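J.: 0 is the number of the first residue of the sequence shown in numbering that gives the first Met the number 0; add one for each residue after it. Quick reminder that beta carbons are idealized off the backbone N, C-alpha and C, glycines included. Here the structure is a predicted model, which is why all the values come from computation and not from measurement. Okay, handing you the structure first.
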Amino acid sequence: MNNVILQPAANGDAKQHYIDTIVNPVELSRIARYLEDEHVQKLKEIYPDQAIPTWGVTPGTTNGNIPKWNRIQTGDITLFSGNGGIFSSAITTYKVRSKELALDLWGTDPKGQTWEYVYFLDEVKQQRISYLDFNRVVGYKDNFIIQGFSILDQEKSIRVIEAFDLQSDTHFPEIPFEEYEKAIKDFDPNKPLDAQGKVMIRTEQSFLRKVLFGNKKIATCGICGHEYPTSFLVAAHIKKRSKCTPEEKLDFRNIVMPMCKFGCDDLYEKGYITVFEGKIITNNKKIVSPSLKNYLDQLKGKECSFWNENRMKYFEWHYNYHLFE
C-alpha cells in the first residue's frame with residue numbers, strides 16, 4: 000500500500016532544489032554517470048523521454064532520515080509544501096543512494112551533508128491544498144505546519160490519497176505474492192469497507208496491474224487491440240470477479256487481461272461482447288443504438304491476443320454467463 004511523503008520546499012536549499020531538479024527534470028545522461036547499469040536500465044524503462052524529476056534527502060541529524068527513506072516505495076506520493084499549503088504532488092518511481100550524484104546535483108548543506116538518499120518522481124502536478132484542509136483530513140490540529148521530511152502512516156495516507164485524489168494509475172509497488180494471497184483470502188465483501196478493506200483492494204489491484212504492465216506507460220487493450228497509456232487500461236477479470244473462487248482469484252497470470260476505458264471494459268462487463276475461440280463476438284440479445292452497433296461492428300471478429308488454453312475456461316464462463324448464442 001502506498002504512503003504519503005511530506006516534504007517542505009518553500010525556503011532555502013529545498014526551494015532551489017525544487018526549481019533545479021523538479022521543475023527542470025534532470026537528463027538521464029547526467030544521472031547515468033553515477034549509477035550502475037541495472038539502475039540506468041530501469042530508469043530508461045520508466046522514463047522513455049529520459050527527463051527525470053529528481054529529489055533527495057540528507058541522512059539527517061543522527062541519521063534520522065535514513066529509516067524514513069528506506070520505507071519509500073514505488074507509487075508513494077510526495078507532497079511539496081510551503082507558503083500556507085501544499086503546492087504540488089508527485090509519484091515515486093525508483094530510488095537509489097548515490098553521494099556522487101547528489102553532490103553533482105545539489106552540493107552540500109551547511110553541515111557538510113549531501114542529499115544522497117535519492118528518489119525519482121513522475122506525474123508532477125500542481126496542487127492547491129491548504130494546510131487547514133490537509134490537517135482536517137489527517138486529523139491534525141488546524142494550525143499544524145509541515146516541517147521536515149516525514150512519511151504518514153498507512154491510515155493517514157489512505158485518507159489523504161482519497162480526499163485529494165492522488166493515487167497513480169501507472170506506478171505501483173512491488174507486492175509479494177504472499178501479500179496478494181493474504182489480501183484475497185482475508186477480504187470479506189460482506190463487511191463494511193473500512194481502512195483495512197481498502198488496503199486489501201488496493202493491494203490486489205496493485206499486484207495485478209504490476210503483473211500486466213510492469214513499468215510500461217503504454218500497453219495494448221486485449222479487446223480492441225489499440226495501444227493506450229496504462230492509466231486508460233484496467234486489470235479486468237475475464238470471469239466476473241465476484242463469481243471467482245479464491246483459487247481462481249489467485250490464478251493471477253490467467254484471470255485478468257487489460258481492457259481500455261474507452262468502451263471495451265464496460266461492454267465486456269455488461270455482456271455486450273465476449274471472446275469465443277480467440278475472437279471477439281457480439282451479443283445479439285442486447286439492445287443497441289445505431290452508434291453502439293457501429294462500435295460493436297468494429298470489434299466483432301477481432302483476434303484477442305490474450306486468448307489461450309489456460310484462459311479458455313474463464314472466457315467460456317463469461318460466454319455462458321451472458322448466454323451468447
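Which partner residues does Leu232 have in the DSSP bridge list?
T.: According to DSSP, which records beta bridges pairwise, Leu232 is partnered with Cys259.
J.: Is the CB-CB distance between Ile21 and Leu104 below 8 Å?
T.: Not closer than 8 Å, so no.
J.: DSSP on Ile200, reduced to helix/strand/coil?
T.: DSSP places Ile200 in helix when its eight states are reduced to three.
J.: Could you tell me whether the Cβ of Lys14 comes closer than 8 Å to any Cβ of chain D?
T.: The chain labelled as chain D is not found in the depicted structure, where only one protein chain is given.
J.: I want to know whether the region 159-176 touches the region 14-31 - three or more CB-CB distances under 8 Å.
T.: No, the region 159-176 is not in contact with the region 14-31.
J.: Distance check for Met256 and Gly59, CA to CA, integer angstroms please.
T.: In a straight line, the C-alpha of Gly59 is about 45 Å away from that of Met256.
J.: Below 8 Å between beta carbons: does that hold for Gly262 and Tyr294?
T.: In contact: Gly262 and Tyr294 (Cβ atoms closer than 8 Å).
J.: Can you find at least 3 beta carbon pairs, one from the region 272-284 and one from the region 303-320, that sit closer than 8 Å?
T.: They touch, by the three-pair rule.
J.: Whole angstroms are fine: how far does the CA of Leu249 sit from the CA of Glu180?
T.: Each residue's alpha carbon lies about 7 Å from the other.
J.: Who does Thr281 pair with in a DSSP beta bridge?
T.: Thr281 is bridged to Ile272.
J.: Kindly give me the distance between the Cβ atoms of Pro7 and Gly147, rounded to whole angstroms, as I take these residues to be in contact under 8 Å.
T.: Confirmed, Cβ separation roughly 7 Å.
J.: Tell me the DSSP secondary structure of Trp306 in three-state form.
T.: Coil, per DSSP.
J.: Check the DSSP bridge columns for Thr91 and list the partner residues they point to.
T.: According to DSSP, which records beta bridges pairwise, Thr91 is partnered with Leu120.
J.: Rounded to a whole number of angstroms, what is the C-alpha to C-alpha distance between Ser325 and Ala31?
T.: The structure shown does not extend to residue 325, since the chain spans only 0 to 324, so no value can be given for it.
J.: Tell me which same chain residues have a C-beta within less than 6 Å of the C-beta of Thr281, skipping the five on either side of it?
T.: Cβ within range, chain order: Ile272, Leu295 and Lys299.
J.: Measuring CA to CA, which of Ser129, Tyr118, Trp68 and Tyr116 is closest to Ser87?
T.: Per the Cα distances, Ser129.
J.: For the beta strand (DSSP E) that contains Leu78, what are its first and last residues?
T.: That run of the beta strand (DSSP E) goes Ile76 to Gly81.
J.: Can you list, in chain order, the residues of its chain whose CB lies under 7 Å from that of Met0, leaving out five sequence neighbours each side?
T.: Counting only Cβ-Cβ distances below 7 Å, and skipping sequence neighbours, we find Gln153, Val198, Arg201 and Thr202.
J.: Under the rule that 16 or more other beta-carbon atoms within 10 Å means buried, what is Lys70, buried or exposed?
T.: Note on identity: in this sequence residue 70 is Arg, with Lys being the wrong assignment. Under this definition Arg70 is an exposed residue.
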